[in-house]
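These protein sequences, in sequence, are chains G, X and B. FYI, in full-length UniProt numbering the residues of the first sequence are 1 to 278. FYI, in full-length UniProt numbering the residues of the second sequence are 1 to 310. FYI, in full-length UniProt numbering the residues of the third sequence are 1 to 421.
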Amino acid sequence: MEKKRISKIVAVIFLLLMVFIWIVPVLYTMISSFKSEADIQTNAFTILPINWVIGNYQDVLFGNTSAPVAKWFMNSLIISVSQTVLVLVIVSLAGYGYSRMKFKGRDAIFVFLMATMMFPAVVNLIPLYKIIDTLGWVNNYLAAIVPGAAGVFNIFLIRQFMQGIPKEFDESARVDGASDFQIFFKLILPLIRPVLTVVALFTFTASWNDFLWPSIVFNDVEKMPITPGLQLLQGMYALDVAHALTGALVAIVPTFILYLFTQKYFMESLSLSSGVKG
Amino acid sequence: MINAGVNKELKMSSGIEKHSGKNRINFSPYLYIGPHLILFAIFFLFPTLYGIYISFTNWDLIGDPEFVGFANYKEILFNQDSTFYDQLRTGLGNTFKFVLFTVPACIIVPLLLAAGLNTKPKGMKFFQALFYMPTLFSVSAVMIIFSMLYSVSFGPLNHYLNVETNWLATQPYAWITLVTVTVWWTIGANMIIYQAALNGISKDLYEAASMDGANSIQRFFRITLPSIRAQILYTVVITTIAQFNVYGQPLMLTKGGPTSSTTVLLMYIQENAFGSGISIAGIGAALAVILGLCIMVVSAIQFFFLRQRD
Amino acid sequence: MRKISVLMFSILFVVMMALSGCSSTSSGSGGSSSANEIVYWNPFTGPDGKNMEQIVNEYNKTNPKFKVKNVSIKADDMYKKIPTVVNSGKGIPDLTIVHAERIKQFVDNDLLTKYDDKLADHPEIKAENYVPAGWNIGDLNGSRYSVPLDVHSFVMYYNKDLLEKYAPHALDDNVITFDEIKAAGELAKKDKIIGIGITWTRPIFLSIYNQLGGDITSDGETPTLNTPEAKKALELLKGLVDDKITNKDGEDPGQLFKSGKAIFFPEGIWMQNSVNEAKNLKWGLTSFPQISPDKIVNWTSSHQFVMFKDKNRSEEKTKGIMDFLDYVRENSLPWAKAGQNPAALATLENPEYQNLPQSFLVKNPEMQNTLKIFDYKYNGFVAEEVDKLVGDAIYGKLNIDKGLKSAQKAVEDKIATNNKK
Numbered sequence: 001m002e003k004k005r006i007s008k009i010v011a012v013i014f015l016l017l018m019v020f021i022w023i024v025p026v027l028y029t030m031i032s033s034f035k036s037e038a039d040i041q042t043n044a045f046t047i048l049p050i051n052w053v054i055g056n057y058q059d060v061l062f063g064n065t066s067a068p069v070a071k072w073f074m075n076s077l078i079i080s081v082s083q084t085v086l087v088l089v090i091v092s093l094a095g096y097g098y099s100r101m102k103f104k105g106r107d108a109i110f111v112f113l114m115a116t117m118m119f120p121a122v123v124n125l126i127p128l129y130k131i132i133d134t135l136g137w138v139n140n141y142l143a144a145i146v147p148g149a150a151g152v153f154n155i156f157l158i159r160q161f162m163q164g165i166p167k168e169f170d171e172s173a174r175v176d177g178a179s180d181f182q183i184f185f186k187l188i189l190p191l192i193r194p195v196l197t198v199v200a201l202f203t204f205t206a207s208w209n210d211f212l213w214p215s216i217v218f219n220d221v222e223k224m225p226i227t228p229g230l231q232l233l234q235g236m237y238a239l240d241v242a243h244a245l246t247g248a249l250v251a252i253v254p255t256f257i258l259y260l261f262t263q264k265y266f267m268e269s270l271s272l273s274s275g276v277k278g
Numbered sequence: 001m002i003n004a005g006v007n008k009e010l011k012m013s014s015g016i017e018k019h020s021g022k023n024r025i026n027f028s029p030y031l032y033i034g035p036h037l038i039l040f041a042i043f044f045l046f047p048t049l050y051g052i053y054i055s056f057t058n059w060d061l062i063g064d065p066e067f068v069g070f071a072n073y074k075e076i077l078f079n080q081d082s083t084f085y086d087q088l089r090t091g092l093g094n095t096f097k098f099v100l101f102t103v104p105a106c107i108i109v110p111l112l113l114a115a116g117l118n119t120k121p122k123g124m125k126f127f128q129a130l131f132y133m134p135t136l137f138s139v140s141a142v143m144i145i146f147s148m149l150y151s152v153s154f155g156p157l158n159h160y161l162n163v164e165t166n167w168l169a170t171q172p173y174a175w176i177t178l179v180t181v182t183v184w185w186t187i188g189a190n191m192i193i194y195q196a197a198l199n200g201i202s203k204d205l206y207e208a209a210s211m212d213g214a215n216s217i218q219r220f221f222r223i224t225l226p227s228i229r230a231q232i233l234y235t236v237v238i239t240t241i242a243q244f245n246v247y248g249q250p251l252m253l254t255k256g257g258p259t260s261s262t263t264v265l266l267m268y269i270q271e272n273a274f275g276s277g278i279s280i281a282g283i284g285a286a287l288a289v290i291l292g293l294c295i296m297v298v299s300a301i302q303f304f305f306l307r308q309r310d
Numbered sequence: 001m002r003k004i005s006v007l008m009f010s011i012l013f014v015v016m017m018a019l020s021g022c023s024s025t026s027s028g029s030g031g032s033s034s035a036n037e038i039v040y041w042n043p044f045t046g047p048d049g050k051n052m053e054q055i056v057n058e059y060n061k062t063n064p065k066f067k068v069k070n071v072s073i074k075a076d077d078m079y080k081k082i083p084t085v086v087n088s089g090k091g092i093p094d095l096t097i098v099h100a101e102r103i104k105q106f107v108d109n110d111l112l113t114k115y116d117d118k119l120a121d122h123p124e125i126k127a128e129n130y131v132p133a134g135w136n137i138g139d140l141n142g143s144r145y146s147v148p149l150d151v152h153s154f155v156m157y158y159n160k161d162l163l164e165k166y167a168p169h170a171l172d173d174n175v176i177t178f179d180e181i182k183a184a185g186e187l188a189k190k191d192k193i194i195g196i197g198i199t200w201t202r203p204i205f206l207s208i209y210n211q212l213g214g215d216i217t218s219d220g221e222t223p224t225l226n227t228p229e230a231k232k233a234l235e236l237l238k239g240l241v242d243d244k245i246t247n248k249d250g251e252d253p254g255q256l257f258k259s260g261k262a263i264f265f266p267e268g269i270w271m272q273n274s275v276n277e278a279k280n281l282k283w284g285l286t287s288f289p290q291i292s293p294d295k296i297v298n299w300t301s302s303h304q305f306v307m308f309k310d311k312n313r314s315e316e317k318t319k320g321i322m323d324f325l326d327y328v329r330e331n332s333l334p335w336a337k338a339g340q341n342p343a344a345l346a347t348l349e350n351p352e353y354q355n356l357p358q359s360f361l362v363k364n365p366e367m368q369n370t371l372k373i374f375d376y377k378y379n380g381f382v383a384e385e386v387d388k389l390v391g392d393a394i395y396g397k398l399n400i401d402k403g404l405k406s407a408q409k410a411v412e413d414k415i416a417t418n419n420k421k
C-alpha cells in the first residue's frame, strides 16, 4: 500500500508538471483573444490585456455580413456527423473481416491497403477532383463526406483491437449456432465499443479540421464548412493575430464539446472491456 | 423492412456455411470488407495510381501530361548537378531528422501521461481533457499560437527567460521549437489509445506480480508494456507515417530556415507541384513516390521488429 | 442487442436518406454558373474582400442583366483550384482576378479568352484610361488578355516625429536615400531606435536590384539572378544589418514601427489599416528608399481581370462581364479605400481618392513610371528562390556568392525541367 501511494504521488507530480506545459499555450490563446490587435502588436508582452475587449469575438462571429458563420457551422455538423457514422459502419465491418474471417489473400490485401496509404496524397488532388466532378458532387456535401471513409488507418486500429479479443469467444458462440454476422453484431461490436468511440472522435475531429479539400470542392460560400470558412476571414498579405486566435478558439468549441461527451462514454465502456483481456 | 434485410443477410451467410465443404469459396468475407474496398478503390487507389503515373510525366497541371519515362527519377536520384537532386537530399534528410526527433517523444510522453492518468488521480478528467485539447486545433491555429509564444518581440518566453534567443530562425533552437510544438499538438490521440489499452489490462496480473515482489517499474516493463504491445505497434507505425508527412509546422514556423535546414521533403513537393511558379508536377510526384517508398520501408522494419518480440 | 441493431440500422437509414436528400437538392443549385449570373472568383479574403463585395453589391443594385456572384477564395487555394476546374472543364468561373505575374503562363497554355473583339462595344476600356504599368501587363503578342483592377506597390512608411528628430531634411526632395537612412539610424542608436525595419525581403531586394540596373530576366526567357548588381544589393542590405541600423533577426519590424521604435518601415500600401491600429503613431507614406534620387523604383504588382476559356459561356454573358468591368473602371473608390491604388484613371480624379495617402504613387506620369512590375514568365520560380535567399544572406547565415549561385541554378533547373520535351 505504501508503495502504491508513492507511485501515485510521483504520477501526480509528473502530471502537474505536464499540465503547466500544456496549459500555458491554451491560456495564452484564451487571454489573447480578449486583447485588441493594437495591444498585441504595439506593446511588449503582458499577461493580461491592457484593455479587455470582446470585439474579436464580435468580428469573428458577426463581423462580416458575407460570412454566414452559423450556416458554416451547420454545414460542418452535417458533414462531420455523416462522415463519422459512415466511417463507423464501414470500418467496423472491414475490421471484422480482416481480423476474424479467413479468406484467400486476406493479409495480402491488407498489406496492400496499408502500403498504398503511405504515398503522400499531393498530386492526387486533381484526379480526385475529377472523380468528384464525374459523380456530380462538386459543391455537394457528399464530396466532403465520402472520400474520408476510404482511409485504412481506422481499420488498422480496429483490427489491432479485435485481435486482442480471444478467439475462444467466437468459437464458443459458433458452437451455440451463431452465424458470422451474429458474432460480429452481438459479440464483437459491444466489445469494441471503446475503440469505436475513439475512431468516432478521431474521424469527427479530422473531418472538422480539414480545410484544403473542402475549399477545393466547395465554390459556394453558403456550402462551406467552418474551417475553410474561417480562413476566408484572414487577410491576404496581413495576418491579424488577435482574430486568428479568436477564430481558432471558436472553431474548436464543437469538437471540444464532442470530446467531453465521448470522454464520459469511453470511460464507461473502458471499464466494460477490462474483463475481456488478460 | 429494414429488419427483413438484416435477416436475409444472416440467412445468406449461414446458408453458405451449411452448403459448402472444406474448400468452399466463401463470399461472406467480401460482404464485410467490400464496402470499404469499393470506396478505397475509387477515392484512394485510383488517384494514387494516377499520382504515380504523373511521376513518369512532365506536367504543368494544365496541359496534357507528357510521358517521359524515368527521366524525373534520373534527375532527382542521379543527376548530382541538379537542384532537384539537392532538394531530395536536403528534404529527405530533414524529414528523417524530424521523424527521429519527434517519434520517440510522441510515443513516450503520451505513454507516461496515460500511465500517470491510469493511477486515477483527482481531476483526471481535467488532465485528460487538457492534454487532448491541442489535437482539436487546426494546424494554422497552433502555428500562430506558437509563433507568438516564441516571438522575439512579443513572446512571453523570451520575456520571462530574459533572453533574446531567436527561436525560429537559428539552430538548434529551430529544431527544438519544431519538436516541442509537434509533441504539444499531436500526442492526444496516442494518449487516448494507451489509456484505452491500459484500462483493459486485468488487475489480477498486477496483483500477482506484486505478490512476486515486483516493484512498479518492473511491473511496467513486465506486464504493462507487453499487454499493450498491439496498441504500441499501431501508434508507432501511425505516428511515424504521420511525422513523415510533416509539412505545416516547418512551413509556418521556421519557413524551412535557417538556410533550408528545416525544409522537409513535403515542402519541396508542394513547391514543385503547387508553388508560385509554373507547376512541375512530374518532379513533385516523383519526390512524393520516393517519400512513399521510404515510409513503406520504415514501416515494414517497424512491423518486423515489434512483431518479433512475440 | 436487438435494440442496438435496430438503432444502428435506423441511423444508417437516416444518414442515407439525408445524403440522397442533400445530393438531390444541391445538384440543382450548384456553384457552377447559372444562366444569368457571372461567377466571379477573386483572392480577396480578409478586410479587402469586404471592399470588393461592396463594389459587387452596388453593381448588382443597378439591375444589370447579368448579376455578379462574388466568390472570394484564399489565394493559395484559388491557384490550386484553377488547374483542377480548367482540367475538368466544368465549374469554370466566368471572371477571375489573378496576379499580374501569372498571366503569361495562362496565355502560354492558351487558357484565356482574348478581350480584343469584346472591347469594340466598350471604347472606354482602353490604354488612355488606365495606369500604364497595370494596363501593359495584359498586352501579350499583340492581343489583350486582361484588364487591370489595381496597381499595388511596396513603398515606405515613416514615423513623422522620429523623422523630424533624426532626419529633418531627408524628405525635402521627396525621396529618402539609403545614405539618409544610415545617417538617421546612427543618430537614433543611442535612443534604442532603429533606422529601418527589414520586412518582406522579396520586394525590398528586387527594388534595390532594379535601382542598380538589374532585372530578374534579360530577355524574357533567361533568368538573371547571379549578377554583380544582385550581389551589390544584398551587400547593401547586409551592411545595414551589420551596422545595426535594422531590426535584429527575428524581431518583429511591424511591432517596432507601431510602438515608435523604428523610423522607417518599408511595407505595402495595403498595410495602412494595420499601421493605423497604433493610435499614437503619426505616419507618412513615401517611395521605397533609393540609392540615388534620380532613379526611383517602387515594387508593384497588379490584380487583373481575366476570363478563363469556357465554351459554355454565351456571347451575351461575356457582354455582361464587360459591362461589369466598365462599371469597376468608373467606380473603384471602395477599392482605393481598402488601401489599394485603382488602375482606372477615372477614380484617380476623385477628390476623395486624392486625399488617400497612397495616391501620391499615381498622381502624375512621373510617379506612375516608378511603378515596376517584375513581369516575367518564370516570376514564380524567381520568387521562391529569392524568398529562400535574401533573409539568410543579409543576416549572415548564408554566403552571398554561394546563395546567388544556387538561386540562379535552381531557377534555371526549374525552367529546364518545365520545358523538357
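The beta carbon of each residue, even a glycine, is placed where N, CA and C say it ideally should be. It should be emphasised that the depicted structure is a prediction, and the values quoted were computed from it without experimental measurement.
is_contact[residue i, chain B] using C-beta, thresh 8 Å
i: Thr83 (chain X); result: yes
i: Leu191 (chain G); result: no
i: Lys71 (chain G); result: no
i: Asn51 (chain G); result: no
i: Tyr96 (chain G); result: no
i: Thr259 (chain X); result: yes
8 Å Cβ shell around residue i - same chain, five flanking residues per side excluded
i: Asn87 (chain B); result: none
i: Phe153 (chain G); result: Met117
i: Asn219 (chain G); result: Val138, Asn139
i: Met267 (chain X); result: Gly91, Tyr247, Pro250, Leu251, Gly256
9 Å Cβ cut-off: residues of chain X touching residue i
i: Asn418 (chain B); result: Asn58, Asp60, Gly277, Ile278, Ser279, Ile280
Nearest residue (CA-CA) to residue i, options the options
i: Gln163 (chain G); options: X:Ile228, X:Phe304, X:Tyr160, X:Gln302; result: X:Ile228
i: Ser32 (chain G); options: G:Trp22, G:Val10, G:Gly55, G:Phe112; result: G:Gly55
i: Leu306 (chain X); options: X:Ala281, X:Val236, X:Ser279; result: X:Val236
Any chain X beta carbon closer than 8 Å to residue i
i: Glu251 (chain B); result: yes
i: Asn60 (chain B); result: no
i: Leu111 (chain B); result: yes
i: Tyr145 (chain B); result: no
i: Ile40 (chain G); result: yes
i: Ala200 (chain G); result: no
Any chain G beta carbon closer than 8 Å to residue i
i: Ser28 (chain X); result: yes
i: Trp184 (chain X); result: yes
i: Leu136 (chain X); result: yes
i: Gly134 (chain B); result: no
i: Gly391 (chain B); result: no
Chain X contact residues for residue i, given Cβ-Cβ distances below 8 Å
i: Gly164 (chain G); result: Gly200, Ala230
i: Asp413 (chain B); result: Ser82, Thr83, Phe84
Contacts around residue i, its chain only, beta-carbon distance under 7 Å, and the 5 residues preceding and following it disregarded
i: Ile50 (chain G); result: Asp39, Asn43
i: Asn51 (chain B); result: Pro334, Trp335, Lys337, Ala338
Beta-carbon contacts of residue i that lie in its chain and below 6 Å, excluding the five residues immediately before and after
i: Ile6 (chain G); result: none
i: Leu155 (chain G); result: First, the amino acid is wrong: residue 155 (chain G) is Ile here, not Leu. Around Ile155 (chain G): Val91, Ala94, Gly95.
i: Glu385 (chain B); result: Ala407, Ala410, Val411
Residue i at chain C interface by Cβ criterion, 8 Å
i: Pro266 (chain B); result: You won't find chain C in this structure, because its protein chains are G, X and B.
Specify whether the region 133–149 of chain B and the region 289–299 of chain B touch according to this definition: at least 3 beta carbon pairs, one from each stretch, less than 8 Å apart. no
Three or more C-beta pairs below 8 Å linking the region 36–49 of chain X and the region 84–104 of chain G: yes
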